[in-house]
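Position 206 of the sequence shown, counting from 1, maps to 205 under numbering that gives the first Met the number 0, and the rest follow consecutively. Think of the CB as a built atom: it goes at the ideal place given N, C-alpha and C, for glycine as much as any other residue. The structure presented is a predicted model; accordingly, all values stated were derived computationally and were not measured. Comments concern the structure below.
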Amino acid sequence: MLRVEKLSKTYDDGTEALKGVSFTAEPGEFIVILGKSGSGKSTLLRCINRLVEPTCGKVFLGDDEITGASPSVLRKLRRKIGMIFQQYNLVDRLTVWTNTMTGDLGTLSSWMGLAGYFPGESIKRAQKHLEQVGVGDKVNGRAGALSGGQQQRVGIARALMQNPQLILADEPVSSLDPASAKSIMELLKEINEKNGVTIICNLHLPDLARE
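Encoded structure:
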């Protein structure tokens, strides 16, 4: 499903973050990348979906090459890849509902996105995903009023709105207390098993990786 071939990244200041990384991720697989801060874990995930441009190497999703794809093709490929961020990347002043629905913007026409119009099917999926991640009762509350664990659950629901083949989880629990971190990892495992989504997850805590 995902194939990474000899991926390297050297930043402008000369820092070599990645050197010749190769691996594959099969459909339905859950892969944990374990390493200390600054070891290149985040760079790897961001090179996969080209939030960071790799220096060299290739990344394929199925038969489609992500590296070297034109902007229009890259947009289509990114719809298949959900991203979960360490700092949640929610808009604090907006509601849980609105933050979740932004995950569906890539499937809508420009005018629908600008008007904030979402089809009934999208609304049903958002309701389902918010219930699945355990914040179905928070839909009308501001994202900024939630706890860290709840905000990350909203971030996961937003990623699920893309109907992704692959989810990249970049240190999804590093900002959370131990209990919240454990519950988020359990949720990701549940999504992997029940939704059949391939997940690649960066962690720096060996204990969580073992669980």
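CB-CB under 8 angstroms to residue i, same chain, minus the five flanking residues each way: which ones, in chain order?
i: N194; result: L159
i: V134; result: V95, L145, Q149, R152, V153, A156
So, at 7 angstroms on beta carbons, what are the nonlocal neighbours of residue i in its own chain, with the 5 sequence-adjacent residues on each side left out?
i: T23; result: L1, R2
Round the Cβ separation of residue i and residue j to the nearest angstrom and send it over; I've been treating them as touching at under 8 angstroms.
i: P53; j: K18; result: Between K18 and P53 the Cβ distance is about 11 angstroms, and since that is not below 8 angstroms, they are no contact.
i: L44; j: L167; result: 4 angstroms
i: L187; j: I198; result: 6 angstroms
i: A16; j: T42; result: 4 angstroms
i: H203; j: S173; result: 7 angstroms
i: G148; j: S179; result: 3 angstroms
i: G39; j: K5; result: G39 to K5, Cβ: 14 angstroms. No contact.
i: I65; j: L76; result: 6 angstroms
In this structure, what does DSSP give as the bridge partners for residue i?
i: I199; result: I30, L167
i: E15; result: T9
i: L1; result: A24, L60
i: C55; result: S7
i: T94; result: R141
Going by CA-CA distance only, name the one from the options that's closest to residue i.
i: V20; options: D11, I32, G13, R78; result: I32
i: Q161; options: G102, G37, R49, F84; result: G102
i: F59; options: T14, I80, D169, L129; result: I80
i: G27; options: P163, D176, P205; result: P163
i: R157; options: F117, H128, G148, N48; result: H128
i: Q86; options: G143, E25, L93, V196; result: G143
i: V196; options: E25, L165, E189; result: L165
Leaving aside the five residues before and after residue i along the sequence, list all residues of the same chain whose C-beta is less than 6 angstroms from its C-beta, in chain order.
i: Q126; result: none
| message | In chain order, what are the residue ranges of uninterrupted beta strand (DSSP E) at least 3 long that sit wholly in the region 62–88? | response | Runs of the beta strand (DSSP E) spanning 3 or more residues and lying entirely within the region 62–88 occur at 80–83, in chain order.
| said: So within the region 131–180, which uninterrupted alpha helix (DSSP H) runs reach at least 4 residues, ignoring any that extend past its ends? | reply: The alpha helix (DSSP H) runs lying completely inside the region 131–180 and spanning 4 residues or more are 147–159, given in chain order.
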